[in-house]
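As you go down the protein sequences, you meet chains U and G in turn. Position one of the first sequence corresponds to residue 1 (full-length UniProt numbering), numbered consecutively onward. Position one of the second sequence corresponds to residue 1 (full-length UniProt numbering), numbered consecutively onward. Backbone N, C-alpha and C fix where the C-beta goes; we use that ideal spot for every residue, glycine too. Working notes for the structure below.
Number of protein chains: 2
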Amino acid sequence: MTASLAKPETLSKERLRLWLRMLRVTRQVEAALREKLRVEFDSTLPRFDVMAALFREREGLKMNELSKRLRVSNGNVTGIVDRLAEDGLVERIAIEGDRRATLVRLTADGRDAFTTMAAAHEGWVDALLDGVSAEDAHHIGELLHRLPADTGEQRQ
Amino acid sequence: MTASLAKPETLSKERLRLWLRMLRVTRQVEAALREKLRVEFDSTLPRFDVMAALFREREGLKMNELSKRLRVSNGNVTGIVDRLAEDGLVERIAIEGDRRATLVRLTADGRDAFTTMAAAHEGWVDALLDGVSAEDAHHIGELLHRLPADTGEQRQ
DNA sequence: AGTAGATAGTTCAAGCTTAAAATTTCAAGC
DNA sequence: GCTTGAAATTTTAAGCTTGAACTATCTACT
């Protein structure tokens, strides 16, 4: 009748349950945001992410840096930037002294579009996380902060 | 010098920050799991999800129910099940009395494969969420539980 | 100069994902 | 029996995503 037998197994199960719950919540919110972007702005989450990264760097970013910052593959960014460029929202600019690299930058149109979308986006998130007080948000954020066995670099 | 002016704006910003953090953590864990499944079992997360759902229902599920349970589109499930069937891990079974629907079920091979993968999967999650105590897990889980302005049905 | 290796980016094949259209079958009402 | 609409599934077009192969350029060393 050793009372402490139950614990060890419980921990990994408890973590698994947490993971599944996080996954569910994240996917639900993500789906809602994707839907909103599609309907309201005929756009997508990946496009929004790229534009957000570029918005913070007025000077522009190299494809390189962009893919590192978004943590997606190189080839992935190529496609998204291609389509954004087709729509005139970003532009590729040659770099002096290195013909391998290109700088990607928001156009004026791109900045306008992003500003509009970002405001809407914040509102959607606010609505989706309606039940969360500032304290909860802060608290969960803290717990989450040091979560995934930090694989090294990261930028907020 | 009204001291309470800062609050209202902060809440939506705080929620936004929480959302971005959740997104980052989720993606990081997801990427790690995907990588593991690919390298160790030459498989993918969507395949794992489908097999997990079928594992819980020994009798099998209709395409219909499968896509509802996983919260992905109908057509999506078609493709994943196609590929799983090619590999002999699931089978489609005609339903008596309704020629529109088909039942999808794990094969014996499928059950074996899933049992192995599920054990590994739990271990990976356990390792990835290393910093999380049972109490933290429980706590975050609680906070998350009622999170996304519940859009209706859901099954753990 | 010449070459070896690193770096930046694109292309490719495969799979995932969605929304919308199309197909097939079923159920009900006339 | 016919038809009309609902239900289950697949197909399609477009985009996202990855890892791997490929191209072009640059850097450094000899």
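Residue i versus residue j: straight-line alpha-carbon distance, rounded
i	j	result
G:Thr10	G:Thr26	24 Å
U:Lys36	U:Trp19	26 Å
G:Thr115	G:Ala108	11 Å
U:Ser133	G:Ser12	10 Å
G:Asp42	G:Ala113	11 Å
G:Asp130	G:Val29	12 Å
U:Glu59	G:Glu122	44 Å
G:His139	G:Arg17	19 Å
U:Glu142	G:Arg21	10 Å
G:Ala118	G:Leu147	27 Å
G:Gly97	G:Glu57	21 Å
U:Leu61	U:Ala52	12 Å
G:Asp82	U:Arg83	31 Å
Expected contact under 8 Å - CB spacing of residue i and residue j to nearest Å
i	j	result
U:Val104	U:Leu54	6 Å
U:Asp126	G:Arg15	5 Å
G:Glu40	G:Ala120	6 Å
Beta-carbon contacts of residue i that lie in its chain and below 8 Å, excluding the five residues immediately before and after
i	result
G:Ala32	Trp124, Leu128
U:Ser73	Ser67
G:Val77	Val50, Met63, Leu66, Ser67, Leu70
U:Thr44	Arg34, Leu37, Arg38
U:Arg111	Phe55
U:Gly88	Thr107, Asp109, Gly110
Beta-carbon neighbours of residue i, restricted to chain U and to distances below 7 Å
i	result
G:Leu106	Those within 7 Å of G:Leu106 in chain U number zero; the least Cβ separation is about 20 Å.
G:Glu122	Ser12, Leu16
G:Leu23	Thr26
G:Ala134	Thr10, Leu11, Glu14
Same chain, Cβ closer than 7 Å to residue i, five either side skipped, listed in chain order
i	result
U:Ala94	Thr102
U:Glu91	Ala85, Arg105, Thr107
U:Arg24	none
U:Gly75	none
G:Ile80	Pro46, Arg47, Val50
Any non-hydrogen atom of the ligand HEM within 7 Å of residue i CB
i	result
G:Leu70	Looking for the ligand HEM in the displayed structure turns up nothing, as the structure carries no ligands at all.
Contacts of residue i in chain G (Cβ-Cβ under 7 Å)
i	result
U:Val125	Arg15, Leu16, Trp19
U:Ala119	By Cβ distance, chain G contributes nothing, its closest Cβ being about 11 Å from U:Ala119, past 7 Å.
U:Ala53	Going along chain G, no residue has its Cβ under 7 Å from U:Ala53, so there is no contact; the nearest lies around 12 Å.
Within chain G, the residues that residue i reaches when beta carbons sit closer than 8 Å
i	result
U:Ile95	The contacting residues do not exist; U:Ile95 stays about 29 Å from chain G at best.
Neighbour list for residue i in chain G, Cβ cutoff strictly below 9 Å
i	result
U:Val29	Trp19, Met22, Leu23, Leu147, Pro148
U:Arg71	Arg24, Arg27, Gln28, Ala31
U:Ala113	Here the premise fails: no neighbours, minimum Cβ distance about 19 Å.
U:Ala101	Per Cβ cutoff of 9 Å: no residues; U:Ala101 is ~26 Å from chain G at best.
Contact list for residue i against chain U, beta-carbon separation under 9 Å
i	result
G:Gly141	Glu14, Arg17, Leu18, Arg21, Met22
Close Cβ partners of residue i (< 6 Å) along its chain, the five nearest in sequence each way excluded
i	result
G:Glu135	none
Practice task
Let me know the alpha helix (DSSP H) ranges lying completely inside the UniProt domain "HTH marR-type" (15-149) of chain U, each 4 residues or longer, listed in chain order.
Solution key: 45-56, 63-70, 74-86, 108-128, 134-145
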